[in-house]
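**Q** The letter at position 100 of the sequence shown is residue 100 when you use our numbering, and the numbering goes up by one with no holes. Glycine included, every Cβ here is placed at the ideal spot set by N, Cα and C. Everything numeric in this text was worked out from a predicted model, so none of it was measured.
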Amino acid sequence: MGPVAAASFAPQEYPVRFALSATAGAIFFLGLILLRSYLGWSYVCDRLLRGTVFYEETGWYDGQLWSKPAAELEKDQIVGTYEVQPILRRLRRTFGLLGCLLGSGYLLWNFL
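In structure tokens, the structure reads:
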């Protein structure tokens, strides 16, 4: 995001504003990538933890609900709890960190 920030703020004249705007742009794009990842993992976790799953055979018109057998449900819940939920927690923590960085950059921008 440096070239876009350099078009708005010359790095030699405004080094702090240049760095803050480049960082904000990078955080924005990283946030979009992390949001896509979070939505995908939350979908996987939801399907693992549910007892019934909707699936389509060939198209939207012939979808059915499938009830998982007890042994399959237990295995899926273990995988969802011990493998997928830690990933979701880590992604939420990363979102929090990015939000703190963005907020501190905003406060620093206002004090310039």
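Counting C-beta neighbours from all protein chains within 10 Å, is the total for Val-84 16 or more, i.e. buried, or is it exposed?
**A** The residue is buried, with at least 16 neighbouring Cβ atoms inside 10 Å.
**Q** Where do the ends of the beta strand (DSSP E) carrying Tyr-55 lie?
**A** Segment 52 to 55, the beta strand (DSSP E) holding Tyr-55.
**Q** Assuming Lys-75 contacts Gly-51 under a Cβ cut-off of 8 Å, what Cβ separation, rounded to an integer in Å, is found between them?
**A** Their Cβ separation, rounded to whole angstroms, is 13 Å, which puts Lys-75 and Gly-51 out of contact at 8 Å.
**Q** How would you write the range of the beta strand (DSSP E) that Gln-64 sits in, first residue to last?
**A** 64 to 67 is the span of the beta strand (DSSP E), which, as asked, contains Gln-64.
**Q** Taking just the CA atoms, how far does Gly-103 sit from Met-1?
**A** When rounded, the distance between both Cα atoms is 18 Å.
**Q** Grab the span of the alpha helix (DSSP H) containing Tyr-106 for me, first residue to last.
**A** From DSSP, the alpha helix (DSSP H) with Tyr-106 extends over 85 to 111.
**Q** With DSSP run on the structure shown, which of helix, strand or coil describes Tyr-43?
**A** The answer is helix: DSSP assigns Tyr-43 an H, G or I state.
**Q** Helix, strand or coil for Gln-12, going by three-state DSSP, please let me know.
**A** Note: Gln-12 maps to coil in three-state DSSP.
**Q** Quick check on Thr-58: does DSSP put it in helix, strand or coil?
**A** DSSP places Thr-58 in coil when its eight states are reduced to three.
**Q** By the 10 Å Cβ neighbour count, where 16 or more other Cβ atoms means buried, how is Ser-21 classified, buried or exposed?
**A** Buried, by the Cβ-count rule.
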